[in-house]
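Peer 1:
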Amino acid sequence: MELGGGWLTHKESHFPAFLSLDTERVCKLPSIIHTSIAVSYHFYTQPPFRNIMAQNIHTQSVAFGNNNANCGNTIGSYNTTIYSSDEDAKIMHWLSPLEPDKRHHSLRTDRFEGVGNWLLETSEFREWRGGEGGVDQPVLFCSGDPGVGKTHLRSAARFL
Amino acid sequence: MSLTGRNSSSLVIDRLCDQAKEEDLAVAWLYCDYNIQQEQTIVNTIGAIVKQLVSRAGISKDIRDEFKEAKKVGGRRPLLVDLMRMLRIAIAKLPRVFICVDALDECPQKDLPKLLESLRDIVRESPGTRIFLTGRPHVGGAIQNSFTKVIAIPIIPNEDDIRNYVEMRLDRDDTPEAMDDHLRGEIVRIIVDKMSNMCVGVSPLSRAYTY
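Going down the list, the sequences are from chains A and B. Count the first sequence with the working numbering and you get residues 881 to 1040, in order. Count the second sequence with the working numbering and you get residues 837 to 1047, in order.
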């Protein structure tokens, strides 16, 4: 089974970005950054956009490789990103420069379908989700070691 | 938290967002990320939660007034205490609020106690609020210190997860001509078998526990 073992190693570079510890890798691709900025600028601002505070934040995000701000360049059903006026958009930037909805969109796009679905079916999740009035458990904590799935799969590849 | 944590958080957030279309509930979240810790300050983190809930509840006159005042002094950012006040007001307007924070271990260490304290205050003041957290096991202690009762579930890939993952990887093979059904079946079978042996005794369903 040499072929099988070599396959996993050979394909290492094809791991989706979010599997890697370097989750911002995908954002470092110049074309993607370019697209992201163009799209988010288009969606997030109504020209002329002259909010200096927000522009500074935007520039800083690029410098840090902020995938929260620059990934997920399609604005979907999350109404947190589409504001009714320029003033509203500025207020939202003022509340926080972070854009968790974009990050979420990027993660859900790359997600492995079917992996981890069991969590949603556990009684713990259902009770947490459905509980009323705070008399039960308001906090659900899912703990995991970093990259446990990936590490285990690499280990398994050695057996091949 | 790579595969398992982020995957779990995005699944939970999606599930809640789907349900929000039919039920009266609001969802806010943040993915902590070690690579952008400079930006994910406690103020920006709580601010991001406020922002998502405010976008659902509507921007109140108070927030507009505070923003106008801040503009007069050079765009001064709100303080944590201001954001917590806005958060309370927004939550009070909303039916049912779910707050999800992914990868707490990637939150700046000095900010973690404050973040948990802020979330605890929200739960105390708005008891219907639900908090979903993920992180490496070592942050469990800090979470336990902040909340009286926490349900914890270890996220470990089960057999289906492994099978789905391997199938997905095979689907992305860029030399499909070298693959046939037999080889594919063997690869899946052997990896799932080896992995199941490694994870023996680990059943996510049986390992949920309460602090």
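Just so it is clear, CB atoms sit at the ideal spot from N, CA and C, and this is done for glycine as well.
For L951/B, which residues from the same chain have a beta carbon less than 7 Å from its beta carbon, with the 5 sequence-adjacent residues on both sides left out?
Peer 2: Working through the second sequence from its first residue, we reach residue 951/B at position 115. Answer for L951/B: I878, T881 and C943, listed in chain order.
Peer 1: Go through its chain and collect everything with a Cβ distance to D860/B's Cβ below 6 Å, but skip five positions before and after it.
Peer 2: As a first step, residue 860/B must be located in the second sequence, where it is residue number 24. P931.
Peer 1: D860/B lies in the alpha helix (DSSP H); which residues open and close that run?
Peer 2: Within the second sequence, the letter at position 24 stands for residue 860/B. No alpha helix (DSSP H) holds D860/B; DSSP gives it neither H nor E.
Peer 1: Against D966/A, what residues of chain B qualify as contacts under a CB-to-CB distance less than 9 Å, listed in chain order?
Peer 2: By one-based count along the first sequence, residue 966/A stands at place 86. Ordered by position in chain B, no residue passes the 9 Å Cβ test against D966/A, which lies about 13 Å from the chain.
Peer 1: Under a three-way DSSP split, which group does T1011/B fall into?
Peer 2: Taking the second sequence and counting its residues from 1, the one referred to as residue 1011/B is at position 175. Coil, per DSSP.
Peer 1: Comparing the C-beta of L969/B with each C-beta of chain A, is any distance below 8 Å?
Peer 2: Within the second sequence, residue 969/B is the residue found at index 133, counting from 1. Yes, L969/B lies at the interface with chain A (some Cβ there is under 8 Å from its Cβ).
Peer 1: Whose C-beta lies closer than 8 Å to the C-beta of R924/B among residues of the same chain, with five residues either side of it excluded?
Peer 2: For this step, residue 924/B is matched to residue 88 along the second sequence. Counting only Cβ-Cβ distances below 8 Å, and skipping sequence neighbours, we find I958, E961 and S962.
Peer 1: Contact criterion: CB-CB distance below 8 Å. Does K887/B meet it with respect to chain A?
Peer 2: The residue given as residue 887/B occupies position 51 in the second sequence. Judged by the 8 Å Cβ criterion, K887/B is in contact with chain A.
Peer 1: If you drop the 5 nearest sequence neighbours on each side, which residues of the same chain put their C-beta closer than 6 Å to that of K1088/B?
Peer 2: Since the first residue of chain B shown is 837 and the last is 1047, residue 1088/B is not available in this structure.
Peer 1: With a CB to CB cut of under 6 Å and the five nearest residues on each side skipped, what residues in its chain are close to I917/A?
Peer 2: On the first sequence, residue 917/A is found 37 positions in, with the first residue counted as 1. Caution applies to I917/A, whose pLDDT of 35 falls short of 50 and renders its modelled position unreliable; the model cannot decide the point.
Peer 1: Below 7 Å on C-beta distance, what does R851/B contact in chain A?
Peer 2: For the purposes of this step, residue 851/B is identified with residue 15 of the second sequence, where counting begins at 1. Near R851/B (Cβ distances below 7 Å), the residues of chain A are L1000.
Peer 1: Applying the 10 Å Cβ sphere with the 16-neighbour rule, what's the burial state of K982/A?
Peer 2: Residue mapping note: residue 982/A aligns to position 102 of the first sequence, counting from 1. By the 10 Å Cβ count, K982/A comes out buried.
Peer 1: For T970/B, which option in I987/B, R956/B, N981/B and S954/B has the closest C-alpha, if you only look at C-alpha atoms?
Peer 2: Counting from 1 along the second sequence, the entry for residue 970/B is found at position 134. Nearest of I987/B, R956/B, N981/B and S954/B to T970/B, Cα basis: I987/B.
Peer 1: Name, please, each residue of chain A whose Cβ falls closer than 7 Å to the Cβ of E961/B.
Peer 2: If you number the second sequence from 1, residue 961/B lands on position 125. Per Cβ cutoff of 7 Å: no residues; E961/B is ~10 Å from chain A at best.
Peer 1: Please state the DSSP three-state secondary structure of K988/B.
Peer 2: Taking the first residue of the second sequence as 1, we reach residue 988/B at position 152. Correcting the residue identity first, residue 988/B is Ala in this sequence and not Lys. Three-state DSSP puts A988/B in a strand.
Peer 1: Beta-carbon of K985/B versus every beta-carbon of chain A: anything under 8 Å?
Peer 2: For the purposes of this step, residue 985/B is identified with residue 149 of the second sequence, where counting begins at 1. Output row for K985/B: interface = yes.
Peer 1: Among S954/B, E995/B, G1021/B and E905/B, which has the Cα closest to the Cα of F983/B?
Peer 2: Along the second sequence, one-based indexing puts residue 983/B at 147. That would be S954/B, whose Cα lies nearest to the Cα of F983/B.
Peer 1: Between V933/B and chain A, is any beta-carbon pair separated by less than 8 Å?
Peer 2: Stepping through the second sequence from its first residue, residue 933/B is reached at position 97. By this cut-off, V933/B is not an interface position.
Peer 1: Do you know how far the Cα of V937/B is from the Cα of P914/B?
Peer 2: Residue numbering aside, residue 914/B sits at position 78 when the second sequence is read from its first letter. Residue numbering aside, residue 937/B sits at position 101 when the second sequence is read from its first letter. Rounded to the nearest angstrom, the two C-alpha atoms are 21 Å apart.
Peer 1: Since G1021/B meets chain A, which of its residues come closer than 9 Å, beta carbon to beta carbon?
Peer 2: Position 185 of the second sequence, counted from the start, is the residue given in the question as residue 1021/B. By Cβ distance, chain A contributes nothing, its closest Cβ being about 12 Å from G1021/B, past 9 Å.
Peer 1: Counting C-beta neighbours from all protein chains within 10 Å, is the total for T1011/B 16 or more, i.e. buried, or is it exposed?
Peer 2: If you number the second sequence from 1, residue 1011/B lands on position 175. Classification for T1011/B: exposed.
Peer 1: Hey, quick one: how far does the alpha helix (DSSP H) through L1048/B stretch, first residue to last?
Peer 2: Past the edges of chain B, shown from 837 to 1047, lies residue 1048/B, and the structure says nothing about it.
Peer 1: Listed from N- to C-terminal order along the chain, which residues in the stretch 981-997 of chain A have their beta-carbon within a distance smaller than 8 Å of any beta-carbon of chain B?
Peer 2: From the stretch 981-997 of chain A, only D981, R983, H984, L987, R988, R991, F992, E993, G994, V995, G996 and N997 have a Cβ closer than 8 Å to chain B.
Peer 1: Keeping to the same chain, check which residues put their C-beta closer than 7 Å to that of Q855/B; ignore five residues upstream and five downstream.
Peer 2: Looking up residue 855/B in the second sequence gives position 19. Around Q855/B: L861.
Peer 1: What are the start and end residues of the alpha helix (DSSP H) that includes F903/B?
Peer 2: The sequence position of residue 903/B within the second sequence is 67, counting from 1. Segment K897 to K908, the alpha helix (DSSP H) holding F903/B.
Peer 1: For a test of the three-state rule: what should DSSP assign to C853/B, helix, strand or coil?
Peer 2: Within the second sequence, the letter at position 17 stands for residue 853/B. Of the three classes helix, strand and coil, the one that applies to C853/B here is helix, per DSSP.
Peer 1: If we define contact as Cβ-Cβ less than 8 Å, is A978/B a contact residue for chain A?
Peer 2: If you number the second sequence from 1, residue 978/B lands on position 142. Closer than 8 Å: no.
Peer 1: Taking C-alpha atoms, which residue in R972/B, A939/B, I849/B and V933/B lies nearest to N871/B?
Peer 2: As a first step, residue 871/B must be located in the second sequence, where it is residue number 35. Answer by Cα proximity: A939/B.
Peer 1: Within a Cβ cutoff of 7 Å, which residues of the same chain sit near A1014/B, ignoring the five residues on either side of it in sequence?
Peer 2: Within the second sequence, residue 1014/B is the residue found at index 178, counting from 1. Excluding positions up to five away in sequence, the list is empty.
Peer 1: Quick one, which of D947/B, N1000/B and N994/B has its alpha-carbon nearest V975/B's?
Peer 2: Counted from its first residue, the second sequence places residue 975/B at position 139. Looking at the Cα atoms, D947/B is the closest of the given residues.
Peer 1: In its own chain, which residues sit with a C-beta less than 7 Å from the C-beta of A926/B, not counting the 5 before and 5 after it?
Peer 2: Locating residue 926/B in the second sequence gives position 90, where the first residue counts as 1. Answer for A926/B: V886, L889, V890 and A893, listed in chain order.
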